[in-house]
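Protein chains in written order, with my numbering: chain U, 451 to 805; chain E, 451 to 805.
From the three backbone atoms N, C-alpha and C, an ideal C-beta is built for every residue, glycine too.
Protein chains: 2
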Amino acid sequence: MAKSKKTAEGSEGGGAEQRRLQMVDIARLAGVSVSTVSRALNGSDLVNAETRQRVADLARSLNYSINFGARNLRLQENKTVAVVVPFDAASRQHISDPFFLSIVGSIADALTDRGYDMLLSRVDAERLDLASHWFDSGKAIGVILIGQWRHHDQLNEMAARKLPLVVWGGEMPQQLYCSVGGDNVLGGLLATRHLLSLGRRRVAFIGDANLPEVWLRREGYVQALAEAGLTADPALELPAPFEPGVATGVVQGFCAARQDIDAVVCCSDVLALLTIQALRASGRSVPQDVAVVGYDDMPLAAYCDPPLTTVHQPVAEAGAELVEALLGQLRGERAGPRTMPVYLKLRQSAPQSGA
Amino acid sequence: MAKSKKTAEGSEGGGAEQRRLQMVDIARLAGVSVSTVSRALNGSDLVNAETRQRVADLARSLNYSINFGARNLRLQENKTVAVVVPFDAASRQHISDPFFLSIVGSIADALTDRGYDMLLSRVDAERLDLASHWFDSGKAIGVILIGQWRHHDQLNEMAARKLPLVVWGGEMPQQLYCSVGGDNVLGGLLATRHLLSLGRRRVAFIGDANLPEVWLRREGYVQALAEAGLTADPALELPAPFEPGVATGVVQGFCAARQDIDAVVCCSDVLALLTIQALRASGRSVPQDVAVVGYDDMPLAAYCDPPLTTVHQPVAEAGAELVEALLGQLRGERAGPRTMPVYLKLRQSAPQSGA
DNA sequence: ATGAAAGCGCTAACAG
DNA sequence: CTGTTAGCGCTTTCAT
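In structure tokens:
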């Protein structure tokens, strides 16, 4: 408000705490015009090598860095990508699932490697469409959304509006947006098939099939059951959400009620952990009485009690895939959804039959 | 490069996929000047209420959002904060410790609540000073750094350069920068005192005391030992880093070599997990033979094997504290370091004596 | 109550 | 090779 001092606060005094250095300053000091400084700093060969060096040195010694806001405005360019993590509005649960956090880290690396900045934010999982704000406002050139949640429809609509968008999640029929994700059907299949190979026959499935990824995993689950001549029993399915706060009670109730199950496929490692606790609370041991398979293979999965047998998701590669998909889209490429391989990591919660 | 089409691509055709809507567009459609649109959208009462409404409606129906780059440039203002997570250059370990990730989530919430954006990035832990780039380049109004690591000196220098900076970490003597952190001395004290109260006498300490936070925790460790009439035995201290990749081998070697220890204070929950694994590998049980206390109380600490007794850090409050400290600094307040209380969360890895 | 014009820090024609 | 000039999209005096 009250800061209209234009040119003042020069180089004389000792208290230049405030104004940020800009091109005109280094231009003056170097005795050239701002254009020359601009060119020099951008390594243009239109400027004398000696001058270029002098300007560069001066800039470095003064610790000058360019004002990207101005540069971007002028160039109509932007190197920022918005990464948006949905949160559960009801519980207002924070970003906390280790898997989502890992994906974010992976994206951060991929963006950094390519010279992009990452704007991280959260959005109400019921209003995924609000994520387009980052693009609309020019703050980001595109959006990477972590998870589809319950709003496939909103995502399709965003894609229809030509929002540069990539979503971590499963590939659904008639999908307009670009998704990148693990092979969920395969994951569900491998997990279930393994449990059946252990001789288990009452295999429960824990996860909210309203979410595309879970729906697909359930497809794999059903398919594996069919291979073994079994059909899915609705009584063995529990639509628990990913948020531990909400899931805990639900899972406890389920485990206490279903004393007949001998195996569980969980849709995240955190759910698997909760399930194991609930099973023990109801007097059963894991894996002896009930074998449990998790999903994600989070970094800590190997250090749980017992170490989790789980479906490994390709987190390390995920970041690069998501970023490449987005940049490809911006280059005008018509990138379709991408499904990445997953595999079953065997540990103690559902060990190899011999173990 | 090849996009100099100025005014064209108007309202006629059907293929207006490209150019982003701007004030001049809605001005034209509303039949007013851009100044009026600007004022209307900013709720200035200099504009006729009816006009203001009409403009607002039009903007909303067209899904217009303002270009913040331009706005910020004009207003010399910026609502973006850089959050920087150091990474280990040697191992190129990703952001992965659950504790750091939790802190980031907490900061994200705090910033969102206050209407700020968060730019997330990583920096080489040996060159923390590079984090100032976000400020220097005008991309962010300040920097929140997660952890002090080995470069207290660089942080002091950054603060001396008047960089708006807040660091998660411990309070060190002669510190020029603003830090916010848990009470590390107290944490170390509580952990050690508890183990001693269990009758343990050979208490190891695992953590790299070159890091200020660890150094302070060790102070508490030494203090608790002194209370019990003991002195720290250098042979019981292991300077293991936080990165699991590097730490694993070091911890295994230590546990195999030191068969005499009966308790361990670890400087993170992940280190505690690694330690427990290593102890078991060398034939000892936890907590019977060796009791283990972790640090952080990460979300999964309760679900490990065994559930971890650990020093609880105030993650949920941390975000707000860090953000407030930074904003205070920007308002010119001379905010000193802030130390937040911690407490010991008792679980099975070092249970209450009765258990 | 509204419009015209200037300018935030930078880049890119366009002249020299 | 270098300087002058115009303008990115917006806000804000200054005139109406």
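Nearest to residue 570 of chain E (by Cα), restricted to the options E/553, E/515, E/478: For the purposes of this step, residue 570 of chain E is identified with residue 120 of the second sequence, where counting begins at 1. Closest in C-alpha terms to residue 570 of chain E, from the list E/553, E/515, E/478, comes E/553.
Contact residues within the stretch 595-613 of chain E, judged by C-beta distance below 9 Å to chain U: When CB distances to chain U are screened at a threshold of 9 Å, the residues of the stretch 595-613 of chain E falling below it are 611, 612, in chain order.
Neighbour-count burial assignment, residue 747 of chain U, 16 or more Cβ in a 10 Å radius: In the first sequence, residue 747 of chain U corresponds to position 297, counting from 1. Counting other Cβ atoms within 10 Å of its Cβ, residue 747 of chain U reaches 16 or more and is therefore classed as buried.
Under the three-state DSSP convention, the category residue 413 of chain U falls into: For chain U, the structure presents residues 451 to 805; residue 413 of chain U sits outside this window and is missing.
Residues bridged to residue 405 of chain E [DSSP beta-bridge criterion]: Residue 405 of chain E lies beyond the range of chain E shown here (451 to 805); nothing can be said about it.
Contacts that residue 737 of chain U makes with chain E (C-beta to C-beta distance below 8 Å): Residue 737 of chain U sits at position 287 when you count from the first residue of the first sequence. Those do not exist, as residue 737 of chain U stays about 13 Å from chain E at its closest Cβ, beyond 8 Å.
Residue 678 of chain U versus residue 653 of chain U: straight-line alpha-carbon distance, rounded: Looking up residue 678 of chain U in the first sequence gives position 228. Looking up residue 653 of chain U in the first sequence gives position 203. Taking the straight line from one Cα to the other gives about 12 Å.
Residues of its chain near residue 501 of chain E, where Cβ-Cβ distance is below 6 Å and the 5 sequence neighbours each way are ignored: Locating residue 501 of chain E in the second sequence gives position 51, counting from the first residue. The beta carbon of residue 501 of chain E sits closer than 6 Å to no other beta carbon from its chain once the five residues preceding and following it are set aside.
Continuous alpha helix (DSSP H) stretch holding residue 608 of chain U: start and end: Your numbering for residue 608 of chain U matches position 158 in the first sequence. 602-610 is the extent of the alpha helix (DSSP H) around residue 608 of chain U.
Beta-carbon proximity check, residue 816 of chain U vs residue 489 of chain U, cutoff 7 Å: Residue 816 of chain U lies beyond the stretch modelled for chain U, which goes from 451 to 805, so this question has no answer here.
Chain E contact residues for residue 516 of chain U, given Cβ-Cβ distances below 7 Å: Position 66 of the first sequence, counting from 1, holds the residue named residue 516 of chain U. Annotation: Cβ neighbours of residue 516 of chain U in chain E (cutoff 7 Å, chain order): 587.
Own chain, CB closer than 6 Å to residue 793 of chain U, minus 5 neighbours either side, in chain order: As a first step, residue 793 of chain U must be located in the first sequence, where it is residue number 343. The residues 762, in chain order, have a CB closer than 6 Å to that of residue 793 of chain U in the same chain once the five nearest residues on each side in sequence are set aside.
Near-chain E residues of the stretch 752-766 of chain U (beta-carbon distance less than 7 Å), N- to C-terminal order: Answer in chain order: 753, 754, 755, 756.
Test: residue 548 of chain U CB closer than 7 Å to a CB of chain E: Position 98 of the first sequence holds residue 548 of chain U. At a cut-off of 7 Å between beta-carbon atoms, residue 548 of chain U makes contact with chain E.
Below-7 Å beta-carbon distance, residue 491 of chain U vs any chain E residue: Within the first sequence, residue 491 of chain U is the residue found at index 41, counting from 1. It does not: the Cβ of residue 491 of chain U has no partner Cβ on chain E nearer than 7 Å.
Cutoff 6 Å; reference residue 549 of chain U; Cβ partners in own chain excluding five residues on either side: The count along the first sequence starts at 1 and reaches residue 549 of chain U at position 99. Cβ neighbours of residue 549 of chain U beyond the five flanking positions: 746, 748.
Contacts around residue 704 of chain U, its chain only, beta-carbon distance under 7 Å, and the 5 residues preceding and following it disregarded: Taking the first residue of the first sequence as position 1, residue 704 of chain U is located at position 254. Counting only residues of its own chain and dropping the five nearest sequence neighbours on each side, residue 704 of chain U has a CB closer than 7 Å to the CB of 688.
Spatial neighbours of residue 465 of chain U in its chain, beta-carbon cut-off 6 Å, leaving aside the 5 residues before and after: Within the first sequence, the letter at position 15 stands for residue 465 of chain U. Any answer about residue 465 of chain U is weak, because its pLDDT of 29 lies below 50 and its placement is not dependable; what the coordinates show is given next. Nothing meets the Cβ criterion.
Under 7 Å between C-beta atoms of residue 630 of chain U and residue 788 of chain U: Start at 1 with the first residue of the first sequence, and residue 630 of chain U comes out as number 180. Start at 1 with the first residue of the first sequence, and residue 788 of chain U comes out as number 338. Yes, they are a contact pair.
Minimum Cβ-Cβ distance from residue 790 of chain U to chain E less than 7 Å: Walking along the first sequence from the start, residue 790 of chain U turns up at place 340. Chain E contact via Cβ: absent.
Status (buried if at least 16 other CB within 10 Å, exposed otherwise) for residue 759 of chain E: Here the question's residue 759 of chain E lines up with position 309 in the second sequence. Label assigned to residue 759 of chain E: buried.
With 16 other Cβ atoms within 10 Å as the buried cut-off, status of residue 621 of chain U: Within the first sequence, residue 621 of chain U is the residue found at index 171, counting from 1. Buried.
Residues that residue 750 of chain E contacts on chain U, provided the C-beta gap is smaller than 8 Å: Residue mapping note: residue 750 of chain E aligns to position 300 of the second sequence, counting from 1. Here the neighbours are 548, 720, 723, 750, 754.
Residue 523 of chain U at chain E interface by Cβ criterion, 7 Å: Start at 1 with the first residue of the first sequence, and residue 523 of chain U comes out as number 73. Among the CB atoms of chain E, one or more fall inside 7 Å of the CB of residue 523 of chain U.
Selection from E/734, E/751, E/484, E/730 that minimises the alpha carbon distance to residue 720 of chain E: Residue 720 of chain E sits at position 270 when you count from the first residue of the second sequence. Residue E/751 is the option with its Cα nearest to residue 720 of chain E.
Below-7 Å beta-carbon distance, residue 695 of chain U vs any chain E residue: Here the question's residue 695 of chain U lines up with position 245 in the first sequence. No, residue 695 of chain U does not count as interfacial toward chain E.
Min CB distance residue 558 of chain E to chain U below 7 Å: For the purposes of this step, residue 558 of chain E is taken as the residue at position 108 of the second sequence. Chain U contact via Cβ: present.
Closer than 7 Å to chain E by CB, residue 473 of chain U: Walking along the first sequence from the start, residue 473 of chain U turns up at place 23. Taking 7 Å as the CB threshold, residue 473 of chain U stays off the interface with chain E.
Coil, strand or helix - residue 587 of chain U by DSSP: Looking up residue 587 of chain U in the first sequence gives position 137. Look at residue 587 of chain U here: in three-state DSSP terms it is coil, with no helix or strand label.
Distance between residue 572 of chain E and residue 491 of chain U (C-alpha atoms, nearest Å): For the purposes of this step, residue 491 of chain U is taken as the residue at position 41 of the first sequence. For the purposes of this step, residue 572 of chain E is taken as the residue at position 122 of the second sequence. Going by C-alpha positions, residue 491 of chain U is about 25 Å away from residue 572 of chain E.
Reduced DSSP secondary structure (H/G/I, E/B, other) of residue 452 of chain U: Walking along the first sequence from the start, residue 452 of chain U turns up at place 2. The predicted position of residue 452 of chain U is uncertain, since its pLDDT is 31 and thus under 50; a value taken from the coordinates is nonetheless stated next. Per DSSP, reduced to three states, the secondary structure at residue 452 of chain U is coil, with no helix or strand assignment.
Where the beta strand (DSSP E) containing residue 628 of chain E begins and where it ends: Counting from 1 along the second sequence, the entry for residue 628 of chain E is found at position 178. Per DSSP, the unbroken beta strand (DSSP E) holding residue 628 of chain E starts and ends at 628-632.
Cα-Cα separation between residue 635 of chain U and residue 643 of chain U, rounded to whole angstroms: Here residue 635 of chain U refers to the residue found at position 185 when the first sequence is read from its first residue. Here residue 643 of chain U refers to the residue found at position 193 when the first sequence is read from its first residue. Spanning the two alpha carbons is a distance of roughly 12 Å.
CA-to-CA distance, residue 592 of chain U to residue 608 of chain U, given in whole angstroms: Within the first sequence, numbered from 1, the residue matching residue 608 of chain U stands at position 158. Within the first sequence, numbered from 1, the residue matching residue 592 of chain U stands at position 142. If you take the alpha carbons of residue 608 of chain U and residue 592 of chain U, they lie about 11 Å apart.
Cβ shell of residue 795 of chain U (< 7 Å), same chain only, five flanking positions each side left out: Counting from one through the first sequence, the residue named residue 795 of chain U turns up at place 345. Here the set comprises 747, 759, 760, 762.
CB contact below 7 Å: residue 567 of chain U versus chain E: Walking along the first sequence from the start, residue 567 of chain U turns up at place 117. So, interface residue.
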